[in-house]
Amino acid sequence: MQRITGSFETSGRDGEGLIAAFRAATKRFGDVVAADALTLGIVRGEFLSFLGPSGCGKTTALRMLAGFETPTSGEVFLDGEEVSAVPPYRRPVNMVFQHYALFPHLTVAQNIAYGLWQRRPRPERAEIARQVDRALAMVRLSGFGPRRIWEMSGGQQQRVALARAIVNEPKILLLDEPLAALDRKLRREMQIELQTLQRELGITFVLVTHDQEEALSMSDRICIMRGGRIVQIGAPADLYDRPHNRYVADFVGKSNFVDGVLREVSGALGRIETAQGLGLGGRMGGPVAPGARVTLSIRPEQIGLARAAQPGAEPVSVVNRIFLGEHTEYLVRHAQLGDLLVLVPRQAEAGAGGFAPGESAFASWHPDAALILPQD
Amino acid sequence: MQRRLATSVLLAPAGLWFAVMLVLPLCFVLVFSLGERGAAGGYVPAFTFEQYANLPARGQAFLNTLILAPVGTLLALLIAYPLAYHLAQGVGPKWRTMLLILVIVPFWTSILIRSYAWIFLLGGQGVPALIEWMGFGAVRLINTRFAVLTGIVYGYLPLMVLPIYVSLERLDRRLLEASADLGAPPLRSFLQVALPLSLPGVATGCMLVFILLMGEFLIPAMLGGGKVFFIGNALVDLFLQSRNWAFGAAVAVTLVAIMLGTVTFYLMLMRRLGGARGNVDLI
Ligand SMILES: Nc1ncnc2c1ncn2[C@@H]1O[C@H](COP(=O)(O)OP(=O)(O)OP(=O)(O)O)[C@@H](O)[C@H]1O
Ligand SMILES: [Mg+2]
Chain A
1 MQRITGSFET SGRDGEGLIA AFRAATKRFG DVVAADALTL GIVRGEFLSF LGPSGCGKTT
61 ALRMLAGFET PTSGEVFLDG EEVSAVPPYR RPVNMVFQHY ALFPHLTVAQ NIAYGLWQRR
121 PRPERAEIAR QVDRALAMVR LSGFGPRRIW EMSGGQQQRV ALARAIVNEP KILLLDEPLA
181 ALDRKLRREM QIELQTLQRE LGITFVLVTH DQEEALSMSD RICIMRGGRI VQIGAPADLY
241 DRPHNRYVAD FVGKSNFVDG VLREVSGALG RIETAQGLGL GGRMGGPVAP GARVTLSIRP
301 EQIGLARAAQ PGAEPVSVVN RIFLGEHTEY LVRHAQLGDL LVLVPRQAEA GAGGFAPGES
361 AFASWHPDAA LILPQD
Chain B
377 MQRRLATSVL LAPAGLWFAV MLVLPLCFVL VFSLGERGAA GGYVPAFTFE QYANLPARGQ
437 AFLNTLILAP VGTLLALLIA YPLAYHLAQG VGPKWRTMLL ILVIVPFWTS ILIRSYAWIF
497 LLGGQGVPAL IEWMGFGAVR LINTRFAVLT GIVYGYLPLM VLPIYVSLER LDRRLLEASA
557 DLGAPPLRSF LQVALPLSLP GVATGCMLVF ILLMGEFLIP AMLGGGKVFF IGNALVDLFL
617 QSRNWAFGAA VAVTLVAIML GTVTFYLMLM RRLGGARGNV DLI
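Note that the protein sequences, when read in sequence, are chains A and B.
By our numbering, the letter at position 209 of the first sequence is numbered 209, and the numbering carries on one by one without gaps.
By our numbering, the letter at position 30 of the second sequence is numbered 406, and the numbering carries on one by one without gaps.
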């Protein structure tokens, strides 16, 4: 048996604080590389999300932790032990399946008791009943125990699935798009419930989702994936403010992108030249050498609109205006940069009033708010 | 109102067919069973339970049927279940179709021809010759209960495989993963998840095979060589050879009563099992 040693640069923490880890874990299905040399530490007690588009290998990563997939090469650690050869039924983790996978021939209570029932020695009936009741209460389904699965609504089934997993007090709770089948309002509620539950139980949660809002609002850390690889790991604010490349900036939140060639670098600042020959300054978001193709990323809320010209402001014309309540979203057109998305808070418009489509304006942003990113 | 009318009109042919072809003949048989045999055979009207009192005369046929039909059903189940499980969960879609066709292929040939094949296989030149050649002494297989049992299990196996296959094919693999995830090793996952969820298919298969076996007469006639009788053979004999219609009718009524009892039991079982899905599926 091997212990995890050393530190994982991806987590920046010592191996001892990790509840699970991937080390160069690769999973191939024929020609498809579903997981490509994943190296990642999962910190005890954290809420980690795998975020990425469909087919990027999120589920595969989760299934390697659960034991349903064995890595083609590389290692998977759970609680310090290499577990590639340990079958799912011997792993101290539990999973909430995407479509719940509740047992249709059992009642709600029997479904939740299933995991306890498998323990050897088997706990006493009264003890099982007590724990089932506690789990039901935790997901606010007290009294639903004797019901049949098909008598439960989608949201209730979701909670039964959750209760069935947490009643076993797993070391890690794995959630594969658990909220995908719920409507927007219910999803929001469940997100809050999941977060609360995670704090109360102190269990490590690993969530798979392709919904960036979900990942941003719930996670301590997010692991952005693409094509079986990890692109960047970090806290939500980290990823939002300091994306390593254009892909991450695009995936996390909205942004305006301007392609160009990096012309000069001085310290943390750089200057790019667009195809139209326009020079723009920004902060360096990654190590790029002058001459490389880069993308300038400016978040919509970092751009200000004004009626009067100021030094450094770019002339634009307002194309469209969408009132969003606390914000107004403008689409403005710049002669060389093309269309830009601008998000103006309500209070900024209080005095002068909003801009009407067709009006000309001046767009400006702080050079620090523009990030120069590698294109890949 | 109009819907009700449409429903009755659409169901009328089926209802009429059912009444004329099933209920009416059954009534005739019931009436016949209370009559007497004419001097030259056939039927003489009467009201007596004498024919029923006489049933033990055909006790051997009842005994054979009531032993071999359940045993045959059980054997078919034991062979069919692993096969169906493998077909449904163990092989890829390409092989699955191939193997399913192989299961059904025997149906393309008449059971008569297939039974002849068994006569040769179990007859003196077949398996017994092989056993003797291997030095295990002489055995007789043809015209024994063993031969009949072999024949019926062989003949009805596909009818057992198909409903079980259907119920296992519908079984969501993720349920087995969920079971493993919750700590159940493979055998326990099978016993606690796959098996209970396939019980409707098992019940349907057993039901189909058992009912058909109760009325079977061809296979016992061919592989039993007149030594192993089923109720079906007794009926053929009583109606066509002995022309004792009244007694034949009494045997037939008894057979129908046993079957009705079985079907009732099956429906009750299905209500309990099918309740898990909220519907009663007969296949
Ligand atoms: N059992 C399998 N056999 C063959 N290919 C597979 C298998 N499981 C996954 N793949 C492939 O591996 C890749 C990653 O799949 P995975 O299910 O991990 O994606 P995902 O990120 O969870 O996507 P989604 O958001 O759509 O669920 C995909 O290209 C998929 O087609
Ligand atoms: Mg997935």
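Ideal placement from N, C-alpha and C gives every residue a C-beta, glycine not left out.
Here the structure is a predicted model, which means the values were calculated and not measured.
Residues that residue i bridges to, as DSSP identifies them
i       : result
K27(A)  : A35(A)
P345(A) : H327(A)
L571(B) : Paired residues: none, contrary to the question.
R293(A) : V261(A)
Q232(A) : I224(A)
M284(A) : I372(A)
V639(B) : Paired residues: none, contrary to the question.
H334(A) : V316(A), G338(A)
G502(B) : None, per the DSSP bridge assignment.
T473(B) : Answer is none; T473(B) lacks a bridge partner.
M95(A)  : L174(A)
Closer than 6 Å: residue i CB and nearest ligand 1 heavy atom
i       : result
F29(A)  : yes
G143(A) : no
V32(A)  : yes
C223(A) : no
G55(A)  : yes
H210(A) : yes
Chain A contact residues for residue i, given Cβ-Cβ distances below 7 Å
i       : result
P561(B) : Y89
R648(B) : The premise fails here: R648(B) is roughly 11 Å from chain A at the closest Cβ pair, so nothing lies under 7 Å.
T569(B) : With the sequence shown as reference, residue 569(B) is identified as Val, and Thr is not the correct amino acid for it. Under the 7 Å cutoff, chain A gives F103.
Interface residues of chain B facing residue i [CB-CB closer than 8 Å]
i       : result
A101(A) : D548, R550, L551, E553, A554
R119(A) : G559
N168(A) : L558, G559
N94(A)  : D557, L558
Contact belief for residue i with residue j at Cβ below 8 Å, rounded distance in angstroms
i       : j       : result
Q336(A) : T274(A) : 6 Å
I384(A) : D79(A)  : For residue 384(A) there is no data in the structure shown, the boundaries of chain A being 1 and 376.
A579(B) : L645(B) : 5 Å
S219(A) : F47(A)  : 5 Å
E314(A) : R346(A) : Rounded, the Cβ-Cβ distance is 23 Å, inconsistent with contact.
S574(B) : S555(B) : At roughly 14 Å, the Cβ-Cβ gap does not stay under 8 Å, so S574(B) and S555(B) are not in contact.
L182(A) : M190(A) : 6 Å
T26(A)  : S73(A)  : 5 Å
Y240(A) : R226(A) : Actually they are not in contact, since the Cβ atoms of Y240(A) and R226(A) sit about 17 Å apart, beyond 8 Å.
R333(A) : V319(A) : 5 Å
G67(A)  : P88(A)  : 4 Å
L558(B) : V569(B) : 10 Å between Cβ atoms; not a contact.
L262(A) : P236(A) : With 8 Å as the limit, L262(A) and P236(A) do not qualify as a contact, their Cβ atoms being about 28 Å apart.
heavy atom of ligand 2 below 6 Å from residue i C-beta
i       : result
T383(B) : no
T59(A)  : yes
Chain A residues whose Cβ lies nearer than 9 Å to that of residue i
i       : result
L573(B) : F103, P104, H105
R324(B) : Lying before the first or after the last residue shown, residue 324(B) is absent from chain B, which here runs from 377 to 659.
Proximal chain B residues relative to residue i, where beta-carbon distance stays under 7 Å
i       : result
G115(A) : L558, G559
F97(A)  : R550, A554
F68(A)  : E553
Within chain B, partners of residue i - CB distance below 9 Å
i       : result
R333(A) : Correct list: empty, because the minimum Cβ distance to chain B is about 50 Å.
Within chain A, the residues that residue i reaches when beta carbons sit closer than 8 Å
i       : result
V467(B) : Result: empty, since nearest Cβ-Cβ is about 18 Å, beyond 8 Å.
V542(B) : The premise fails here: V542(B) is roughly 16 Å from chain A at the closest Cβ pair, so nothing lies under 8 Å.
Point to revise | Stretch-stretch touch, CB-based, cutoff 8 Å, three pairs: the region 438 to 451 of chain B with the region 462 to 481 of chain B | key: no
**Study point:** Stretch pair the region 522 to 537 of chain B + the region 491 to 498 of chain B: three plus CB contacts closer than 8 Å
**Key:** yes
**Study point:** Contact between the region 163 to 180 of chain A and the region 113 to 125 of chain A (3+ Cβ pairs under 8 Å)
**Key:** yes
Practice item. Check whether the region 282 to 298 of chain A touches the region 382 to 396 of chain B, counting contact only when three or more Cβ pairs, one atom from each stretch, lie closer than 8 Å. Key: no
Check your understanding: Between the region 429 to 447 of chain B and the region 599 to 615 of chain B, do at least 3 Cβ pairs fall closer than 8 Å?
Key -> yes
Review point. So does the region 617 to 630 of chain B actually touch the region 413 to 425 of chain B, counting three or more Cβ pairs closer than 8 Å?
Key: yes
Exercise for review: Would you check if there are 3 or more beta carbon pairs closer than 8 Å linking the region 257 to 276 of chain A to the region 361 to 376 of chain A?
Suggested key: yes
Practice item. Please determine if the region 94 to 106 of chain A and the region 169 to 178 of chain A are in contact, where contact requires at least 3 C-beta pairs separated by less than 8 Å. Key: yes
Check your understanding: Is the region 125 to 136 of chain A touching the region 582 to 602 of chain B, taking contact as three or more C-beta pairs under 8 Å?
Key -> no
Exercise for review: State whether the region 301 to 314 of chain A contacts the region 347 to 362 of chain A, with contact taken as three or more CB pairs (one from each stretch) at a distance under 8 Å.
Suggested key: yes
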